[in-house]
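In the numbering used here, the protein residues as written are 35 to 424. By construction, the Cβ of each residue, glycine as well, lies at the ideal position given by its N, Cα and C atoms. Structure record follows, encoded as structure tokens.
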Ligand SMILES: Cc1ncc(COP(=O)(O)O)c(C=O)c1O
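Now the structure itself:
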């Protein structure tokens, strides 16, 4: 089929030509004398993206899952308590990882479509007078259900209760896209990957680490080697890495950071809000529901759309792909067959979202879901037109 495949999954996202071009380089010597002149400003600028001045940002070869492992492995010991709410596939997988590491997991099950239950976190933390809970985990943006949680409120609660647990945040589908403030929100470990807001290929895990997390590392006994923060920090100080870094990806990351800083983090968040709102208006005009149970949970990077009873969301996804070269996100686990996901994350504008919405409309119509052609696209056009994104 001619033409591009439209990538409307919530990661990997569209890669800007500038990022691709930055990686079209000969392989290089990562021990060369001039390598630090490239890496030191890169690591410094990453702190601006995470919005931290006192913390460190480390880059490992890996993906978001590796970041979860690094966060846990470096700061906790076997049997430590961790509090985590599970409300989608990614919070579930992080919870599973904690169990496999022998942590004492205090899991709060939440209906998929909602986010972190502040009241239940508060109960659990208030009851933990002995401070057995060493880490509170928050999946900031649950990509499987299109739900964003309030990280600042969790920090506020920990402070109010004077609870010393580390605050660990999965920012894989939020950082560099929607509002994320590591220092202001007192986040101790922030996990990200390269293939979403950073508009890069998969292959890097990017981690924000607070001074408090580094302090916790001193007594942490879980095993770590590849992901050891100390090895990385020691080598990074001089602009090097403890093992062969993914230098070509780091070249792409330089271009990505430049683009993010040129646009500005606030403008990026506003753009995501606007693009997401257009998608949400389309969903409403199709008379369909989001998986997110209320506006307080709406994600600006992904919308998970529930198909009406009697229909299979996988048919919509397959039809969109096979007939219209449009990649939509699958419903995972509990919501498989019930939802399809429209990613509106990364390097994109109104017209790109409209292309995806047009493809969704055709696929919905083809599988027999009763929608009025043009209804969703029209709602998004009405919302987008007349305003120019900065
Ligand atoms: C919120 C969230 N956390 C973690 C992950 C896992 O990241 P990766 O697939 O890069 O290992 C993903 C992947 O999509 C995600 O969306």
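Can you find the residues in the same chain that come closer than 7 angstroms, C-beta to C-beta, to residue i, ignoring five residues on each side of it along the sequence?
i: residue 280; result: 95, 237, 238
i: residue 50; result: 233, 293, 381
i: residue 39; result: 359, 361
i: residue 128; result: 102, 118, 171, 173, 204
i: residue 371; result: 346, 347, 348, 365
i: residue 307; result: 334
i: residue 393; result: 40, 354, 358, 360
i: residue 215; result: 85
i: residue 265; result: 276
i: residue 52; result: 289, 293
i: residue 403; result: 341, 342, 345
Have a look at residue i and residue j and give me their C-alpha separation to the nearest angstrom.
i: residue 185; j: residue 36; result: 44 angstroms
i: residue 269; j: residue 284; result: 16 angstroms
i: residue 330; j: residue 219; result: 18 angstroms
i: residue 396; j: residue 387; result: 14 angstroms
i: residue 222; j: residue 252; result: 15 angstroms
i: residue 368; j: residue 134; result: 21 angstroms
i: residue 45; j: residue 229; result: 6 angstroms
i: residue 318; j: residue 59; result: 46 angstroms
i: residue 114; j: residue 322; result: 43 angstroms
i: residue 62; j: residue 77; result: 18 angstroms
i: residue 152; j: residue 167; result: 16 angstroms
i: residue 419; j: residue 290; result: 28 angstroms
i: residue 190; j: residue 421; result: 36 angstroms
i: residue 316; j: residue 309; result: 11 angstroms
i: residue 379; j: residue 260; result: 30 angstroms
i: residue 274; j: residue 344; result: 56 angstroms
i: residue 165; j: residue 276; result: 35 angstroms
i: residue 341; j: residue 136; result: 39 angstroms
i: residue 405; j: residue 320; result: 6 angstroms
i: residue 98; j: residue 112; result: 22 angstroms
i: residue 194; j: residue 83; result: 28 angstroms
i: residue 69; j: residue 132; result: 36 angstroms
i: residue 28; j: residue 162; result: Only positions 35 to 424 of the chain appear in this structure, which leaves residue 28 out of reach.
i: residue 262; j: residue 305; result: 36 angstroms
i: residue 54; j: residue 145; result: 40 angstroms
i: residue 324; j: residue 272; result: 48 angstroms
i: residue 67; j: residue 43; result: 40 angstroms
i: residue 414; j: residue 267; result: 46 angstroms
i: residue 235; j: residue 130; result: 26 angstroms
i: residue 227; j: residue 311; result: 25 angstroms
i: residue 258; j: residue 100; result: 11 angstroms
i: residue 432; j: residue 231; result: Since the first residue shown for the chain is 35 and the last is 424, residue 432 is missing from the structure and cannot be characterised.
i: residue 79; j: residue 416; result: 38 angstroms
Assuming residue i and residue j are in contact, meaning their beta carbons sit under 8 angstroms apart, how far apart are those beta carbons, in whole angstroms?
i: residue 180; j: residue 389; result: Residue 180 to residue 389, Cβ: 19 angstroms. No contact.
i: residue 102; j: residue 225; result: 6 angstroms
i: residue 177; j: residue 336; result: 6 angstroms
i: residue 56; j: residue 286; result: 5 angstroms
i: residue 391; j: residue 313; result: 7 angstroms
i: residue 85; j: residue 217; result: 6 angstroms
Give every residue of the same chain whose Cβ lies closer than 6 angstroms to the Cβ of residue i, excluding the five residues on either side of it in the sequence, and list them in chain order.
i: residue 374; result: 339, 347, 350, 351, 362
i: residue 197; result: 159
i: residue 435; result: Outside the modelled stretch of the chain, which goes from 35 to 424, sits residue 435, for which no answer is possible.
i: residue 327; result: 147, 148
i: residue 182; result: 175, 333
i: residue 93; result: 238, 240
i: residue 384; result: 418
i: residue 81; result: 91
i: residue 150; result: 119, 172, 183
i: residue 282; result: 57
Step through the CB atoms of chain E and report whether any lies within less than 8 angstroms of the CB of residue i.
i: residue 108; result: Here there is only one protein chain, and chain E is not present.
Keeping to the same chain, check which residues put their C-beta closer than 8 angstroms to that of residue i; ignore five residues upstream and five downstream.
i: residue 41; result: 47, 48, 361, 377
At a cut of 8 angstroms, does the stretch 226-245 reach the stretch 82-99 through at least three beta carbon pairs? Judged by Cβ distances under 8 angstroms, the stretch 226-245 makes contact with the stretch 82-99, as three or more pairs qualify.
Would you call the stretch 165-175 in contact with the stretch 195-203, where contact means no fewer than 3 C-beta pairs closer than 8 angstroms? Counting C-beta pairs closer than 8 angstroms gives three or more between the stretch 165-175 and the stretch 195-203, which meets the contact rule.
Which residues end up in the neighbourhood of ligand 1 when you take C-beta atoms closer than 5 angstroms to any of its heavy atoms? Result: 97, 98, 99, 124, 177, 204, 206, 207, 227.
Cβ contact (3+ pairs, closer than 8 angstroms) linking the stretch 58-78 and the stretch 247-257: At 8 angstroms Cβ cutoff, the stretches do not touch.
Using 8 angstroms as the Cβ pair cut-off and three pairs as the minimum, do the stretch 206-213 and the stretch 151-163 touch? Contact fails: fewer than three Cβ-Cβ distances are below 8 angstroms.
Is there contact between the stretch 289-300 and the stretch 135-144, where contact requires at least three CB pairs shorter than 8 angstroms? Judged by Cβ distances under 8 angstroms, the stretch 289-300 makes no contact with the stretch 135-144, as fewer than three pairs qualify.
Using 8 angstroms as the cut-off, can you tell me whether the stretch 102-110 makes contact with the stretch 254-263, which would need three or more C-beta pairs spanning the two stretches below that distance? Taking 8 angstroms as the limit for Cβ pairs, the verdict is that the stretch 254-263 does touch the stretch 102-110.
The stretch 119-130 touching the stretch 301-321, judged by at least three CB pairs closer than 8 angstroms: Output reads no: the stretch 301-321 does not touch the stretch 119-130.
Can we say the stretch 407-421 touches the stretch 353-360, given the rule of at least three CB pairs closer than 8 angstroms? These segments do not touch.
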